[in-house]
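Whatever position you read off the sequence shown (first residue = 1), add 24 for this note's numbering. The structure under discussion appears below in the form of structure tokens.
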Amino acid sequence: MYLTLWLSILATLLSVMAMARDFLIPIFFRPKLLLSAGTTGEYRSDLTGLGNSLGTTFGYNFFRMKIENKSSATTSRADGVYLRILNVYKDNTELEPFNTMMMRWVSNTFSEDLSRGEHLFVNLVTICQDENGHRYAYPGHMGGKQLGLSAGFPEDKLDQPGDFSYRIGVYGKRLNGRTYIIKFHFEPNESDSVTSLTLEDEKNLK
Numbered sequence: 025m026y027l028t029l030w031l032s033i034l035a036t037l038l039s040v041m042a043m044a045r046d047f048l049i050p051i052f053f054r055p056k057l058l059l060s061a062g063t064t065g066e067y068r069s070d071l072t073g074l075g076n077s078l079g080t081t082f083g084y085n086f087f088r089m090k091i092e093n094k095s096s097a098t099t100s101r102a103d104g105v106y107l108r109i110l111n112v113y114k115d116n117t118e119l120e121p122f123n124t125m126m127m128r129w130v131s132n133t134f135s136e137d138l139s140r141g142e143h144l145f146v147n148l149v150t151i152c153q154d155e156n157g158h159r160y161a162y163p164g165h166m167g168g169k170q171l172g173l174s175a176g177f178p179e180d181k182l183d184q185p186g187d188f189s190y191r192i193g194v195y196g197k198r199l200n201g202r203t204y205i206i207k208f209h210f211e212p213n214e215s216d217s218v219t220s221l222t223l224e225d226e227k228n229l230k
């Protein structure tokens, strides 16, 4: 009888501990993402002299954003992290219509898990140069032309100089969604066509 009672108490305690763990761990241990961006070094990747089936040569410049799950005693694994470009602006005018665009990680996926202290990059903007040397600034990765640029989107704005800004959302399991603002200047006729690239947490701008 006493054995049965003690086993019942033990089972109850284990159940309470499991429930407490499920409630307490997310409170004290959470992913802590740090975003950064730039135009040089690890933030840029160039592919030039590529060809297609017609023999035409072209090139790409990928400007990337770094997402790091900071290493600290209270940092937990960040599961299913994904990012969306929510809005695209040029010279303070929103370019519409635009479908929210999933951003592609350099691992060629749309969501990733980040362990504590781990970082990866997403493609932020793709500068596409055609065979005549003409450049276009496409949001996200080049494939986003089919994913986000809906019928009627003013693509003619993407090959003209100006100040661009993207509103970007960051989401994931056990992550509170946050939005960031990316700004950069585009000069299609300059060798360094993307300059003055900045990133800010949108809540700090309010």
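Note that the Cβ used here is the ideal one computed from N, Cα and C, for glycine as well. Just so you know, these numbers come straight off a predicted model, no measurement behind them.
**Asked** Along the chain, which unbroken stretches of the beta strand (DSSP E) at least 3 residues long are found entirely within the stretch 63 to 126?
**Response** Listed in chain order, the beta strand (DSSP E) runs fully inside the stretch 63 to 126 are 68 to 75, 81 to 93 and 102 to 114, counting runs of at least 3 residues.
**Prompt:** For residue 224, which residues does DSSP report across the bridge?
**Reply:** Within the DSSP secondary-structure output, residue 224 pairs in a beta bridge with 205.
**Request:** Please name the residue in 229, 225, 221 and 199 whose C-alpha comes closest to that of residue 87.
**Result:** Taking only the C-alpha atoms, the option nearest residue 87 is 221.
**Item:** Simplified DSSP assignment, three categories, for residue 199
**Value:** Three-state result, residue 199: coil.
**Message:** Taking the straight line between their C-alpha atoms, what separation do you get for residue 62 and residue 176?
**Reply:** Rounded to the nearest angstrom, the two C-alpha atoms are 30 Å apart.
**Prompt:** Under the three-state reduction of DSSP, which class applies to residue 182: helix, strand or coil?
**Reply:** In this structure, residue 182 counts as helix in the three-state DSSP scheme.
**Asked** For residue 187, which residues does DSSP report across the bridge?
**Response** Paired residues: 209.
**Item:** Three-state secondary structure (DSSP) of residue 44
**Value:** Because the pLDDT of residue 44 is 47, which lies under 50, any placement of that residue in the model is unreliable, and the question is left without a value.
**residue 105 versus 56, 185 and 225, residue with shortest Cα-Cα distance** = Out of 56, 185 and 225, 56 has the C-alpha closest to the C-alpha of residue 105.
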